[in-house]
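For the record, the sequence lines run as chains A and B.
Here the numbering used here is used: the first residue of the first sequence is 50, the next is one more, and so on.
Here the numbering used here is used: the first residue of the second sequence is 51, the next is one more, and so on.
Idealized CB from N, CA, C, for every residue including glycine.
All values derive from a computational prediction rather than experimental measurement.
Down below is the structure, laid out as structure tokens.
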Amino acid sequence: MPLYKTEAIVIRSMDFSESDKIVTFFTRDFGKLRGIAKGAKRTKKGFGSTLELFSYINLIFFDKGNLGLARINSCYSIESYMEICKDIQKVAYGSYFVELVNGLVGEKEKNDGIFNLLVDSLFLINYQKLDEEIARIFEIRLLSLLGYQPQLEECLICAHKLSSKEKFWFSPVKGGILCNRCSHGFKKLSSISLGTLRILLMARDMDFNKIHRLVFSNQALKESEDALTNFIYYQTGKQLNSMKFLKKIQMLS
Amino acid sequence: MSIYTGPIDQLISRLKKLPGIGEKTATRLAFYILNSPRKETEELAKSLIDVKEKTSFCSVCFNFSDRDPCKICQDNSRDSETICVVEEPADFLAIEKTGNYKGKYHLLQGVLSPLDGISPEEIRVKELIDRLRNKDVKEVIIATNPSVEGEATAIYLAKLIKTLGIKVTRIACGIPVGGDIEYADERTLSKSLEGRKDI
């Protein structure tokens, strides 16, 4: 069995058997990968905290090349995002990112852009004050990288460009915006203003190093959340656990 | 498909559902039961029924017990001013085995986990807060696992408990006894440095 080495982020970690763990990684070179870490729960095995959720590691593993479980040989920490654990909301946002990647990316589909987006987004919530914007930024960028990019520049039917005179609606079914005239007869539409569309386009295209400068208005937060979460729900067919958790935590606090 | 039919096949399929037991172990256990004296098998069957019928949650600490309140909650010699919060019965057993802890317990019966959709309402958080409000408790020791979910649960609980004016402590994390600093990862080492103490 050949031995491989790659950078990876732990996106799911589950106890298995007496002391083993089954871990799902998103790797830079092999995409989504599931592996078994024998004896990972024993302290003497040396995995330590490297198999904890969100850990950014150098992963060394054996793989037969089929879609079965890889055998994890060893891991070395690159960044453990320790600050995320100190805030339940940050854990919820981080979980939302990894759940989205786990749910939308197929096994062994390599995507360097998504890997960088995940590393950078976890870095942002780890080291900076948590803002709801980051979830919307992550969603729009991930959808674009996956090829599900919603059409936000013009009406999907008549190609009417964005303008302050026109009212637009977002259709999760059509995957983009519709102008007022073309929206008749469509269901599950949510209203989306010109300001929200412009900030979403910036969130999608802006250099990630400058993304922390982006500030959404309350209206933009509400409208973009409605549009993007409905679109993701339409694509995945289920409501994500971490999103439900986030809503409950926000209600309790 | 199993080559056995009827009761043997049924027993093997039931045993296979137990955690950590695969086809081969289930078959081995099934034949052990088949070859053992009838009395021993009857006792095993009775124990299985009894554990379901006679065991329930203690209404104070939410540990499994055959009486309510459980033996530990009824024990007046234990320090009732200190409560150790753990995730599940296996963690309670591990702490009890040390013999160093003489306070009482509270079992959350889980841990906050966004990926599994386990929110504070799904675990025994409300019951813990109610217990702390009604009893004279001086210290709560949070002994959830040092995982991402365990840490987040500890921080969440600490915030809630501190509003009641009760001291909250967290079990120490770091290098295990018999471990090696050279092979410890950065998170473990950072935790051990944060939790250092005077000697």
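**Prompt:** Which residues, in chain order, does the stretch 102–114 of chain A contribute to contact with chain B at a C-beta distance below 7 Å?
**Reply:** Within the stretch 102–114 of chain A, the qualifying residues are L102, F103.
**Message:** Going by DSSP in three states, A/S220 sits in which element: helix, strand or coil?
**Reply:** In the first sequence, residue 220 of chain A corresponds to position 171, counting from 1. Here A/S220 sits in strand by DSSP.
**Residues sharing a beta bridge with A/G225, DSSP** = What you label residue 225 of chain A is simply residue 176 of the first sequence in a count that begins at 1. For A/G225, which the question treats as bridged, DSSP gives the partners A/Q200, A/S220.
**Request:** Measure the C-alpha to C-alpha separation of A/E188 and A/T278 and round it to an integer number of angstroms.
**Result:** Looking up residue 188 of chain A in the first sequence gives position 139. Looking up residue 278 of chain A in the first sequence gives position 229. Take the alpha-carbon of A/E188 and the one of A/T278: they are about 8 Å apart.
**Request:** Could you check what DSSP says for A/G152 in three-state terms: helix, strand or coil?
**Result:** Residue mapping note: residue 152 of chain A aligns to position 103 of the first sequence, counting from 1. Three-state DSSP puts A/G152 in a helix.
**Prompt:** Which chain A residues are close to B/A202, counting only those with a beta carbon under 9 Å from its beta carbon?
**Reply:** Here the question's residue 202 of chain B lines up with position 152 in the second sequence. Per Cβ cutoff of 9 Å: I133, C134, K135, D136, I137, K139, V140, A141.
**Request:** Check whether the Cβ atoms of A/V59 and A/F103 sit closer than 9 Å, and answer yes or no.
**Result:** The residue labelled residue 59 of chain A in the question sits at position 10 within the first sequence. The residue labelled residue 103 of chain A in the question sits at position 54 within the first sequence. For A/V59 and A/F103, yes; Cβs fall inside 9 Å.
**Request:** Look at the Cβ atom of A/E298, then the Cβ atom of B/S63, and state whether they are nearer than 9 Å.
**Result:** Residue numbering aside, residue 298 of chain A sits at position 249 when the first sequence is read from its first letter. Residue numbering aside, residue 63 of chain B sits at position 13 when the second sequence is read from its first letter. The sequence shown places Ile at residue 298 of chain A, not Glu. Going by beta carbons, A/I298 and B/S63 fall outside the 9 Å limit.
**Request:** Starting from the C-beta of A/R83, find all residues in its chain whose C-beta is less than 6 Å away, skip the five residues before and the five after it, and write them out in chain order.
**Result:** Position 34 of the first sequence holds residue 83 of chain A. Non-local C-beta neighbours of A/R83 in its own chain, meaning closer than 6 Å and more than five positions away in sequence, comprise T73, L118, ordered along the chain.
**Residues bridged to A/E56 (per DSSP)** = Start at 1 with the first residue of the first sequence, and residue 56 of chain A comes out as number 7. For A/E56, which the question treats as bridged, DSSP gives the partners A/N107.
**Asked** Between the stretch 130–147 of chain A and the stretch 179–199 of chain A, are three or more C-beta pairs nearer than 8 Å?
**Response** Because the criterion of three Cβ pairs below 8 Å is met, the stretch 130–147 of chain A and the stretch 179–199 of chain A touch.
**Prompt:** So is B/S86 buried or exposed if we call it buried at 16+ other beta carbons inside 10 Å?
**Reply:** Position 36 of the second sequence holds residue 86 of chain B. By the neighbour-count rule (16 or more Cβ atoms within 10 Å), B/S86 is not buried but exposed.
**Request:** Enumerate in chain order the residues of its own chain whose CB-to-CB distance from B/F107 is below 6 Å, with the five nearest sequence positions on each side excluded.
**Result:** Reading the second sequence from its first residue, position 57 is the one you call residue 107 of chain B. Around B/F107: no qualifying Cβ.
**Request:** Measure from the alpha carbon of B/L214 to the alpha carbon of each residue in B/I179, B/G72, B/A204, then state which is nearest.
**Result:** As a first step, residue 214 of chain B must be located in the second sequence, where it is residue number 164. Considering only alpha carbons, the answer is B/I179.
**Asked** So what's B/C223 in DSSP terms, helix, strand or just coil?
**Response** In the second sequence, the residue the question calls residue 223 of chain B occupies position 173. The answer is coil: DSSP assigns B/C223 none of H, G, I, E or B.
**Request:** Ignore the nearest five residues each way along the sequence and tell me which others in A/R253's own chain have a CB closer than 7 Å to its CB.
**Result:** Mapped onto the first sequence, residue 253 of chain A falls at position 204. Contacts found: I189, R190, S193.
**Prompt:** Taking buried to mean at least 16 other C-beta atoms within 10 Å of its own C-beta, is B/Y82 buried or exposed?
**Reply:** Residue 82 of chain B sits at position 32 when you count from the first residue of the second sequence. Flag for B/Y82 reads exposed.
**Asked** Just by C-beta distance, which residues in the stretch 65–98 of chain A are closer than 7 Å to chain B?
**Response** Answer set for the stretch 65–98 of chain A: S66, E67, T92, G95, G97, S98.
**Asked** How about A/L191: is its C-beta nearer than 9 Å to some C-beta of chain B?
**Response** In the first sequence, the residue the question calls residue 191 of chain A occupies position 142. Put simply, the CB of A/L191 is far from chain B, with every gap to its CB atoms at 9 Å or more.
**Request:** Return the CA-CA distance between B/I191 and A/K90, expressed in angstroms with no decimal places.
**Result:** Against the second sequence, residue 191 of chain B aligns to sequence position 141. Against the first sequence, residue 90 of chain A aligns to sequence position 41. Rounded to whole angstroms, B/I191 to A/K90 spans 23 Å at the Cα level.
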